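Since the structure comes first, as structure tokens, the remarks are kept for the end.
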Amino acid sequence: MIGTSLLDLAGIIISISLLRSVAPAGLLYICLSLYTRTVLVSPWLFLVAGLEGGFYFVYLARRSRLQKNLYNSPVLDRNQRQALFSQCCQQIPDVQNYPLGWFSSTRLKRENLVEWILWALFDCSPENAEESWNEEIDTYVKGFEELTGMNVEDGRVALTTSLRLSLDPVKMLHRPLVWYLIVGIVDLHTCIKLRSLGFNHYSSPRFVFPPRLSTVFSKPSVTEYFSSLDRDPIVFIHGLGIGLYPYVSLIEDLIQTDPDMGIILVEIMQISMHMTSKPVAPRLKTLDALYSVMNSLGISRAVLASHSYGTVITAHVLRDSRPIPKPLITSYLLIDPVCILLHLPNVAFNVLYREPRRANEWQLWYFASRDADIANTLSRYFFWAENILWKDDLIWSDIVNTNNGGGYQTARRKVAVILSGEDQIVPASEVRRYLTGEDEVKHRWSDGSMDVFYYPGLDHATVFDTRERRKGMLEILDKFTDHKVDTCA
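What follows is the structure, encoded as structure tokens:
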């Protein structure tokens, strides 16, 4: 993320304005050339303008298609809905103002609240609500009244709307062809850098644009893999943005720490500023794919590190109670986690609904939130009820591996959470207070089962920017990967 200075603000607004002007300028140039029946300035300029103009119509076609969802959120039964509602009510920092943050106005009546409840717990609009739900919904309305002390009047405030991610229109903005050329160059640089560090790319054939050099040399399946015998390998899952590029320095630091350290980098192209042909996979398919990759590499135990959106997959792994053979995850590192306290409106509002004012907000708004595939992923396939992560999911426990040839391994789960004090997405102060149970701010807090690191003054993802900031992550991963696990077979 960039800073918040006036110079940063001027720079980012100029950059966005230039990118957004490419398509209109190209179409205007084509129209003028056709009107005058001559190629103005240069045939090359006519060609570029034609490509940009045509690419805009590709965007229009995709914009319509990306409004739809190919699969729905998991259906919760009544017991699950009640348990979720109860758990959320117990973890609200500002009770008196909840759930007003989910609404466009502090003025709301019963129908406004019911409309939001139908989305939050039933993933449904009022038009498709079932009559049999009325009694249950009444209990939730009364629950909010008792919790907040608010008396909800009958009726509806017409101008008040609520944030309903999976039902609201997917908001996106056009990106010119030249932008995808830039993305392709950055992706190429990342590919070459990772290749020089010893990484091999494995991928099944799938359309993405811009095309990727890494897929040309990609292998469909694993042919070889080596990792230090003294360390667990690291599985890393990135967040929203331009793929793995922001994390290359961290990866390089890890390799310098131990050249034999095994590192698996999981790419999610739908959140990497690429045009993709398929949406992100549902939760269980994502987990099965992750386990399959690890099994094919012969990894029976590993450390899982994730950033931002990647922590959602970490949440899925932590809550996956299926009795199936799967690799043992001994430790978890969550950086700028978006999945904790997800029932608060901050993450949804800050990423998808906030009107930008500061430079870093403009950067997030245009280059991430309004990217077509990222917006589609967050608005149609981000299901808060299955993505939310509670402290109980993180706390110490003994974990058992059932995928080591009939034997068993037990290990103490190690967890570390890194929070940025000025995070423009995550409510870092509330998350820190929730995890630690303390009002006092400490750089490092630990209770023996979980470590929480708090970096005042840092924005989302800026902990990766310098070696000094990355030092904490390197120390955590060095400790987590070290073999200190009792084994029985």
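In terms of the numbering used here, the sequence shown opens at residue 37 and continues consecutively. Cβ coordinates follow ideal geometry from the N, Cα and C atoms, glycine included. Please read these numbers as outputs of a predicted model, since none were measured by experiment.
- Between the C-alpha atoms of L68 and W215 there is a straight-line separation of about 24 Å.
- Looking at L120, N164, Y389, A85, the one whose alpha-carbon comes closest to that of L425 is L120.
- Non-local beta-carbon contacts of L154 in its own chain, meaning distances under 7 Å to residues more than five positions away in sequence, involve C160, S161, P162, A165 in chain order.
- The straight-line gap separating the alpha-carbon atoms of L301 and W398 is approximately 28 Å.
- For H225, the secondary structure class from DSSP, reduced to helix, strand or coil, is helix.
- Per DSSP, the unbroken beta strand (DSSP E) holding R337 starts and ends at 337-343.
- Beyond the five residues adjoining it in sequence on each side, E288 comes within less than 7 Å, by CB distance, of L233 in the same chain, given in chain order.
- For K314, DSSP assigns no beta-bridge partner whatsoever.
- Under the Cβ criterion (8 Å, minimum of three pairs), the region 504-516 counts as touching the region 274-294.
- If you draw a 10 Å sphere on the C-beta of H379, you find 16 or more other C-beta atoms in it, and that means buried.
- Residue state for T472 is assigned as helix, using DSSP reduced to three classes.
- For P363, the CB contacts under 8 Å within the same chain, skipping 5 residues up- and downstream, are Y327, M330, N331, I335, S336, R337, A338, N437, N439 in chain order.
- Nearest C-alpha to I376 among W401, S357, H343, A404: H343.
- Listed in chain order, the beta strand (DSSP E) runs fully inside the region 276-333 are 299-302, counting runs of at least 3 residues.
- Residue range 364-371 is occupied by the beta strand (DSSP E) that includes S367.
- Inside the region 106-144, DSSP marks no whole beta strand (DSSP E) run of 3 or more residues.
- Under DSSP, L425 forms a beta bridge with I376.
- For S53, the uninterrupted alpha helix (DSSP H) run begins and ends at 42-72, by DSSP.
- Between S313 and F243, the gap from beta carbon to beta carbon is short of 9 Å.
- Closest by C-alpha distance to V206, out of H519, S415, F489, I461, is S415.
- By the Cβ rule, the region 134-146 counts as touching the region 179-191, because three or more pairs are nearer than 8 Å.
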